[in-house]
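Quick note, the sequences are listed as chains G and V, same order. Each residue of the first sequence is one higher than the last, beginning at 1 in my numbering. Each residue of the second sequence is one higher than the last, beginning at 1001 in my numbering. Right, one structure below, let's go through it.
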Amino acid sequence: DAGITQSPRHKVTETGTPVTLRCHQTENHRYMYWYRQDPGHGLRLIHYSYGVKDTDKGEVSDGYSVSRSKTEDFLLTLESATSSQTSVYFCAISERRGQNTGELFFGEGSRLTVL
Amino acid sequence: GDSVTQMEGPVTLSEEAFLTINCTYTATGYPSLFWYVQYPGEGLQLLLKATKADDKGSNKGFEATYRKETTSFHLEKGSVQVSDSAVYFCALSEPLTGNQFYFGTGTSLTVIP
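In structure tokens form, the structure reads like this:
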């Protein structure tokens, strides 16, 4: 199994509070991603990173920010959580394989409930 | 832009039945194609992949062939088991897009004894 650890695994918070989810990898992969998974929507990309301090927005980035100060850590922050951000969040990593993309490896997910 | 369309679910099959889950894609370049599986309460894990046209990916009795002419990557299994009950996601990735991955919405499979 790929060495990906997400924390916390479960969190309940109140509307308006800040929340930070952490993803830590031990694989030294260049690319890291944050997805959210919701019923009927599958997986949607929030933000991704293609190197230290290099990040870009995905399709559902509003209300989220990210930081990557080290290769192994990718933080997802909800500055002011809203009920619409109740979801399961997955971190993933990948690496290039020659001319092809390698596969994605996923963490176990972080379930966030915003009351 | 790149996208993946997969068969709507849920799908319910009896044990030992034949499974097909359709997946078609739109891509501007030469993508790699993947099938991921998600068991209840877990993250996604790679089931199989193919990196170029006519490649066949296979794992655990599942197969999918990369068909460039029909832009498809259908998942098949000849005889499903109860333990195959899960959600299946088709995905593509293109190196030209910086290792971005595009997922279908997932197909839930339930296999009954």
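Just so you know, even glycine gets a beta-carbon here, dropped at the ideal spot from N, CA and C.
Check: Does the distance from the C-beta atom of I93 of chain G to that of L76 of chain G stay below 9 Å?; Outcome: no
Check: How many angstroms separate the CA atom of G63 of chain G from the CA atom of Y48 of chain G?; Outcome: 15 Å
Check: How many angstroms separate the CA atom of Q1081 of chain V from the CA atom of C1023 of chain V?; Outcome: 21 Å
Check: Which residues, taken in chain order from the stretch 78-102 of chain G, show a beta carbon closer than 7 Å to some beta carbon of chain V?; Outcome: F90, S94, R96, Q99, N100, T101
Check: Run through chain G and tell me which residues come within less than 7 Å of P1095 of chain V, C-beta to C-beta.; Outcome: R96, Q99, N100, T101
Check: Quick one: residues in its chain with C-beta nearer than 8 Å to the C-beta of I1143 of chain V, no 5 flanking neighbours on either side, listed in chain order?; Outcome: Since the first residue of chain V shown is 1001 and the last is 1113, residue 1143 of chain V is not available in this structure.
Check: What residues of chain V sit near Y31 of chain G, judged by a beta carbon separation below 7 Å?; Outcome: N1099
Check: Residues in the same chain with beta-carbon distance under 6 Å from H10 of chain G, minus the five sequence neighbours each way, listed in chain order, please.; Outcome: R111
Check: Give a yes or no on whether 9 Å exceeds the smallest Cβ distance from Y1025 of chain V to chain G.; Outcome: no
Check: Where does E72 of chain G land, buried or exposed, given buried means 16+ other C-beta within 10 angstroms?; Outcome: buried
Check: Comparing the C-beta of K1049 of chain V with each C-beta of chain G, is any distance below 9 Å?; Outcome: yes
Check: What distance in whole Å lies between the Cβ atoms of Q85 of chain G and V66 of chain G, which are believed to be in contact at a cut-off of 8 Å?; Outcome: Wrong, their Cβ atoms sit about 14 Å apart, outside the cutoff.
Check: Taking Cβ-Cβ distances below 9 Å as the criterion, which residues of the stretch 1011-1041 of chain V are in contact with chain G?; Outcome: Y1030, P1031, S1032, F1034, Y1036, Q1038, G1041
Check: Cβ of H47 of chain G less than 9 Å from any chain V Cβ?; Outcome: no
Check: Does the separation of the CB atoms of K1077 of chain V and F1062 of chain V fall below 9 Å?; Outcome: yes
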